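Visitor: Letter 171 of the sequence shown, counting from 1, is numbered 152 in my numbering, and no numbers are missing.
Ideal placement from N, C-alpha and C gives every residue a C-beta, glycine not left out.
The structure displayed is predicted, hence computed values, not measured ones.
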Amino acid sequence: MYFGSVRFFKHLIATVIFLIIAGLLTTVIFLTVGNSDKLNEIERLNSEKNTLQALNDFSGGGIDDILQILDALGIDNKELVNTIYENDRDAFGDIVETERNGADSEPDNNGSSVNPPVPEPNTEPEPDLDKEQNPYAELFPHLYVNFQPPTVYMNDADYIYLTFDDGPSRYTVDILRYLDKHDIKATFFVIPDDTENGRNFLNTMLNSGHEIGVHTMTHIYEQIYASVEAFLDDFNRAFNLIYEQTGYRPYLYRFPGGSKNDYNEAVRDDIIAEMARRGFVYYDWNVDSRDAMDANWTQMYNSVLNDIANQPRSVVLFHDRPGGYNTVTVIEDIIKALLASPRGYTFSAITPETRPIQF
Ligand SMILES: [Zn+2]
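Following this line, the structure appears as structure tokens:
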């Protein structure tokens, strides 16, 4: 007889114990899963609260505050940044005015308040041009600089030369601020903007220790590369505006589109020769941030750091053009990463002793 037997009670007790253990286990598992859901929910609410708090705290402190918040939210921020700038055109002027007022003296047109890194406007007679042999000799006789390339360039291993093309624009305000904040000097290949703000930027750049080179006045490839004369005409306008405003005669230039592009094949060698005869030296680049190709934050950050790591020294192409790229959103993060690199990079503006990078 099974029921009532010792074996029956043994099985009964075992079954009861099993049921109790199973019940306890189920309860523990249920509570753990439930709590983990609750913990996740609490974490999510906290994160939202922090974001809201950050947004709440933001009171116009600067574009980088906004960018940090957007980064935290994982939002591609280019469009928003552009909107912010579009809505804040006045700030462009305000900041320039503040910087100008903060300077020791008002900028003037004879260059006495500027400390360019190469000799002041020259007072020597113009070069004796061979007008018989050179068809361009009579064009723009004042378009020249007394710059002699050094016979030996400096050893600039692990140097990084940040360069910014197509500015100034309202984006330049932030770029200059980031550079100043990290005590970095850079080189601006400008499209001089013939407005009060645009002109003042040229003084601000030089007074902050940055270098200015000529980029172009129009940036219209078909126009400037139509002939050597057309290139000189465009270049001369930009050069004169910089010289009139700052008293500085820039000896550096950068070809729009780089020295080798689809538009200048027929004229590039003649342009280079004529510009060299007038004392100008051009710089291409060996690291392209790809900002003009609309690269996003991640693409720019990764490719710039990668490419610099693979170069003995780097001339890096960025833009601060009026249309705006992602440059302003990523430049400071790139700078911070480079400063933290164990390779011990040195940042510098291009100097007369910097061996050019030329395509
Ligand atoms: Zn350009």
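What is the DSSP secondary structure of PRO88, reduced to helix, strand or coil?
Guide: As a first step, residue 88 is located in the sequence shown; it is residue number 107 there, counting from the start. Unreliable positioning characterises PRO88 in this predicted model, as indicated by a pLDDT of 35, which lies under 50. A coordinate reading is not provided.
Visitor: Taking only three categories from DSSP, how would you classify LEU124?
Guide: One-based indexing of the sequence shown puts residue 124 at position 143. Of the three classes helix, strand and coil, the one that applies to LEU124 here is coil, per DSSP.
Visitor: On the premise that VAL297 lies in contact with PHE128, defined as a C-beta separation below 8 Å, what is that separation, rounded to the nearest angstrom?
Guide: Taking the sequence shown and counting its residues from 1, the one referred to as residue 128 is at position 147. Taking the sequence shown and counting its residues from 1, the one referred to as residue 297 is at position 316. Contact doesn't hold; Cβ gap of about 23 Å is too wide.
Visitor: How should ILE316 be labelled, buried or exposed, when 16 other C-beta atoms within 10 angstroms of its C-beta is the threshold for buried?
Guide: Residue numbering aside, residue 316 sits at position 335 when the sequence shown is read from its first letter. With 16 or more Cβ atoms within 10 Å of its Cβ, ILE316 is classed as buried.
Visitor: Return yes when at least one heavy atom of ligand 1 lies under 8 Å from the C-beta of ILE172, else no.
Guide: Indexing the sequence shown from 1 puts residue 172 at position 191. Yes, Cβ of ILE172 sits closer than 8 Å to a heavy atom of ligand 1.
Visitor: For a test of your reading of the model: does the CB of ARG249 fall under 8 Å from any non-hydrogen atom of ligand 2? Yes or no.
Guide: What this structure holds is ligand 1, not ligand 2.
Visitor: Any heavy atom of ligand 1 inside 8 Å of the beta-carbon of PRO237?
Guide: Working through the sequence shown from its first residue, we reach residue 237 at position 256. Yes; taking the cut-off as 8 Å, the Cβ of PRO237 has a heavy atom of ligand 1 nearer than that.
Visitor: Nearest to ASP147 by CA position, among VAL209, MET198, GLY325, is which residue?
Guide: The sequence position of residue 147 within the sequence shown is 166, counting from 1. It is MET198.
Visitor: Indicate the three-state DSSP secondary structure (helix, strand or coil) for PHE220 in the structure shown.
Guide: In the sequence shown, residue 220 corresponds to position 239, counting from 1. Reduced to three states, the DSSP call for PHE220 is helix.
Visitor: Does the segment 165 to 182 touch the segment 202 to 214, meaning 3 or more C-beta pairs lie closer than 8 Å?
Guide: No, the segment 202 to 214 is not in contact with the segment 165 to 182.
Visitor: Taking C-alpha atoms, which residue in SER(-14), ARG(-12), ASN221, TYR117 lies nearest to ASP371?
Guide: The displayed coordinates of the chain run from -18 to 340. Any statement about residue 371 would go beyond what the structure contains.
Visitor: Helix, strand or coil for ILE341, going by three-state DSSP, please let me know.
Guide: Nothing can be reported for residue 341: it is not among the residues displayed for the chain, which extend from -18 to 340.
Visitor: Between ILE2, ARG151, LEU187, which has its C-alpha nearest ALA167's C-alpha?
Guide: Indexing the sequence shown from 1 puts residue 167 at position 186. Cα-wise, what sits closest to ALA167 is LEU187.
Visitor: Just how far apart, CA to CA, sit GLY219 and LEU319?
Guide: The residue given as residue 219 occupies position 238 in the sequence shown. The residue given as residue 319 occupies position 338 in the sequence shown. Looking at the sequence provided, one finds Ala at residue 219 rather than Gly. About 33 Å.
Visitor: Are the beta-carbon atoms belonging to PHE145 and PHE169 less than 9 Å from one another?
Guide: Looking up residue 145 in the sequence shown gives position 164. Looking up residue 169 in the sequence shown gives position 188. A contact, by the Cβ cut-off of 9 Å.
Visitor: Along the beta strand (DSSP E) that carries ASP146, what are the first and last residues, could you check?
Guide: Indexing the sequence shown from 1 puts residue 146 at position 165. Note, ASP146: beta strand (DSSP E), 140 to 146.
Visitor: In this structure, how does DSSP classify PHE299 when only helix, strand and coil are distinguished?
Guide: Here the question's residue 299 lines up with position 318 in the sequence shown. Strand, per DSSP.
Visitor: In the DSSP assignment, what residue or residues form a beta bridge with VAL268?
Guide: Translated into positions along the sequence shown, residue 268 becomes position 287. For VAL268, which the question treats as bridged, DSSP gives the partners VAL297.
Visitor: I'd like to know whether the C-beta atoms of TYR140 and PHE328 end up nearer to each other than 9 Å.
Guide: Mapped onto the sequence shown, residue 140 falls at position 159. Mapped onto the sequence shown, residue 328 falls at position 347. Contact flag set, yes.
Visitor: For the beta strand (DSSP E) that VAL171 lies in, which residues bound it at each end?
Guide: Translated into the one-based positions of the sequence shown, residue 171 becomes position 190. Residues 168 to 171.
Visitor: Please state whether the Cβ-Cβ distance between GLU341 and TYR134 is less than 9 Å.
Guide: Because the chain in this structure spans residues -18 to 340, residue 341 falls outside the shown range and cannot be described.
Visitor: For a test of the three-state rule: what should DSSP assign to PHE(-10), helix, strand or coil?
Guide: Within the sequence shown, numbered from 1, the residue matching residue -10 stands at position 9. Three-state result, PHE(-10): helix.
Visitor: Taking the DSSP output, what are the residues bridged to LEU233?
Guide: Taking the sequence shown and counting its residues from 1, the one referred to as residue 233 is at position 252. For LEU233, which the question treats as bridged, DSSP gives the partners VAL262.
Visitor: In three-state terms, what does DSSP make of PHE212?
Guide: Reading the sequence shown from its first residue, position 231 is the one you call residue 212. Three-state DSSP puts PHE212 in a helix.
Visitor: Taking VAL209 as the reference, give the member of ILE165, PRO231, GLU255, ASN178 with the closest Cα.
Guide: As a working mapping, residue 209 is identified with position 228 in the sequence shown. When each option's Cα is compared against that of VAL209, the closest is GLU255.
Visitor: Opposite THR327 in the DSSP bridges: which residues?
Guide: If you number the sequence shown from 1, residue 327 lands on position 346. According to DSSP, which records beta bridges pairwise, THR327 is partnered with TYR140.
Visitor: By how many angstroms is the C-alpha of ASP265 removed from the C-alpha of TYR125?
Guide: Here residue 125 refers to the residue found at position 144 of the sequence shown. Here residue 265 refers to the residue found at position 284 of the sequence shown. Each residue's Cα considered, the two are about 20 Å apart.
Visitor: Who are the Cβ neighbours of GLY260 in its own chain at under 7 Å, not counting the five residues just before and after it?
Guide: For the purposes of this step, residue 260 is taken as residue 279 along the sequence shown, with counting starting at 1. Only TYR125, VAL126, ASN127, PHE128, TYR232 meet the Cβ criterion.
Visitor: Can you list, in chain order, the residues of its chain with a C-beta nearer than 8 Å to that of GLY239? Leave out the 5 residues immediately preceding and following it.
Guide: Within the sequence shown, numbered from 1, the residue matching residue 239 stands at position 258. Answer for GLY239: ASP265, TRP266, PHE340, listed in chain order.
Visitor: Report the three-state DSSP secondary structure of GLN114 (helix, strand or coil).
Guide: On the sequence shown, position 133 is the one that residue 114 refers to. The answer is coil: DSSP assigns GLN114 none of H, G, I, E or B.
Visitor: For the alpha helix (DSSP H) containing ASN283, name the first residue and the last one.
Guide: Numbered from 1 along the sequence shown, position 302 holds the residue referred to as residue 283. Run containing ASN283: 278 to 290, per the alpha helix (DSSP H) assignment.
Visitor: If TYR229 sits next to ILE193, beta carbons under 8 Å apart, how far is it from one beta carbon to the other, in whole angstroms?
Guide: Residue 229 sits at position 248 when you count from the first residue of the sequence shown. Residue 193 sits at position 212 when you count from the first residue of the sequence shown. TYR229 to ILE193, Cβ: 7 Å. Contact.
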